[in-house]
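Position 295 of the sequence shown, counting from 1, maps to 1066 under our numbering, and the rest follow consecutively.
Below is one structure, written out as structure tokens; the observations come after it.
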Amino acid sequence: MDISSWVNQLISSETRVAIPIMTHPGIEMIGKKVSDAVQDGKVHALAIQKLNEKYPVGATTVIMDLTVEAEAFGVPIEIQEDEMPHILGRLVSNAEEIENLIVPDLTAGRIPQYLIANRLTVEKTINKPVFAGVIGPFSLAGRLYDMSEIMVACYTEPESIGVLLEKCTKFILQYCQELKNIGCSGVVIAEPAAGLLSNEDCQAFSSEYIKEIVDATQDETFMVILHNCGNSGHCTDAMLYTGANAFHFGNAIDMVNALNSCPKNKLVMGNIDPVGVMKMQSAAGVKAYTADLLNRTASFDNFVLSTGCDMPPHVPAENISAFFDALNEYNQDKPIQMNSSLLQEVLINY
772 MDISSWVNQL
782 ISSETRVAIP
792 IMTHPGIEMI
802 GKKVSDAVQD
812 GKVHALAIQK
822 LNEKYPVGAT
832 TVIMDLTVEA
842 EAFGVPIEIQ
852 EDEMPHILGR
862 LVSNAEEIEN
872 LIVPDLTAGR
882 IPQYLIANRL
892 TVEKTINKPV
902 FAGVIGPFSL
912 AGRLYDMSEI
922 MVACYTEPES
932 IGVLLEKCTK
942 FILQYCQELK
952 NIGCSGVVIA
962 EPAAGLLSNE
972 DCQAFSSEYI
982 KEIVDATQDE
992 TFMVILHNCG
1002 NSGHCTDAML
1012 YTGANAFHFG
1022 NAIDMVNALN
1032 SCPKNKLVMG
1042 NIDPVGVMKM
1052 QSAAGVKAYT
1062 ADLLNRTASF
1072 DNFVLSTGCD
1082 MPPHVPAENI
1092 SAFFDALNEY
1102 NQDKPIQMNS
1112 SLLQEVLINY
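As structure tokens, then:
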């Protein structure tokens, strides 16, 4: 599809849309476990299809798995039944090991299953975009080198880390190109670890490399959505430097401040806390919190309602319905009349 026209339509429309990052509820709807979906592309795609049928999402998204690319490089992982996979140890620890690190192809690890999930989702989705998901270069490098160690090595061994980032970028780029080839309308690049860096370092160790991916893939049919849930506002400028056509923020940032910092022709997405609000609050609390965010962002035509990150397992179905109920009421009669005392209670508990 012409994704540029789709973006322009969203911005010019008076109707607000929601694109939450969620797959786990769909996994539960089809009676499967997380371990099934992260290893079987058909299960993964069916979960997404069920969500797409039940909820009025503006686009479909795949699960945010930040281990699949690291596993492809050779990092050992642990797969548990009802949790996302975990990294077990580091893969490289010095310049020589980085130099000898081989960039895998797209047959490594579980990459083929994720390509199946995206292809099947594209085939089953009509009249809305499908956004794939990949990890960002710095976040991937941190998983290969160890996150604590790379934060030090950025200053003590910047040249070696640069080589590692180039290899990570090469792999992510070929992955994105294949996702584009199978028909995805874009990709959410999850770069949460870059939020640990200053704006200057975020640009040097993350955005410069993401820009390579954006420049090579983004066009009228494919867009990059840059997600950085670690950004509290201190590295928004570095995110903008990438040239991505959309920016996805976590709950660490004030959404109005983020919108004020971003160009009006770029989509800005976020940022309902997937755990603290979507999972832990009551349905009434979720609705009040979502309504408040919609009201506060009402003057921004480029805002897209979303969760701040991937929705975890076991979010109550009534909470997801409350999220969409708030959106529906907003679109029918804005601004929403809310129970201010309930919202205050939610904010205090949150």
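Positions of the beta carbon are idealized from the N, C-alpha and C atoms, including for glycine.
Only residues of its own chain outside the window of five on either side were considered, and among them S978, I981, K982, V985, V995 and L997 have a CB closer than 8 Å to the CB of T1013, listed in chain order.
Between the alpha carbons of Q851 and I858 lies a gap of roughly 12 Å.
F1018 places its beta carbon 7 Å or farther from that of V959. Note on the region 941-981: whole alpha helix (DSSP H) runs with a minimum of 4 residues are 970-973, in chain order.
Per DSSP, the continuous alpha helix (DSSP H) segment holding I782 begins and ends at I774 to S783. Distance from P875 to S1077 at the Cβ level is roughly 31 Å; contact not present, criterion being Cβ atoms closer than 8 Å.
In the DSSP annotation of this structure, the continuous segment of the alpha helix (DSSP H) that includes T1061 starts and ends at A1054 to R1067. Under the three-pair Cβ rule at 8 Å, the region 890-897 does not count as touching the region 913-929. Using a Cβ-Cβ distance cut-off of 8 Å, the region 1064-1083 and the region 781-800 are in contact, since at least three pairs of beta carbons, one from each stretch, lie closer than that value. C1006 is positioned such that its CB atom lies closer than 7 Å to that of N970.
For M1040, the uninterrupted beta strand (DSSP E) segment begins and ends at L1038 to I1043.
Inclusion of A912 and L944 in the CB contact set at 7 Å is not warranted, their separation being larger than that value. Restricting attention to E867, I848, E870 and N1073, the CA atom closest to the CA of R861 is found in I848. For F1020, the CB contacts under 6 Å within the same chain, skipping 5 residues up- and downstream, are A1029, G1041 and N1042 in chain order. Exposure of Q780 is indicated by the presence of fewer than 16 other C-beta atoms within 10 angstroms of its C-beta.
Beta-carbon to beta-carbon, M1049 and N1022 are separated by about 10 Å, too far to satisfy the 8 Å threshold. In this structure, DSSP gives S864 a state outside helix and strand, which the three-state scheme calls coil. Excluding its 5 nearest sequence neighbours in each direction, T786 has C-beta neighbours in its own chain below 6 Å: N1102, listed in chain order. With contacts defined by Cβ atoms closer than 7 Å, G812 and A866 do not form a contacting pair. Under the 10 Å beta carbon count, T878 is surrounded by fewer than 16 other beta carbons and is classified as exposed.
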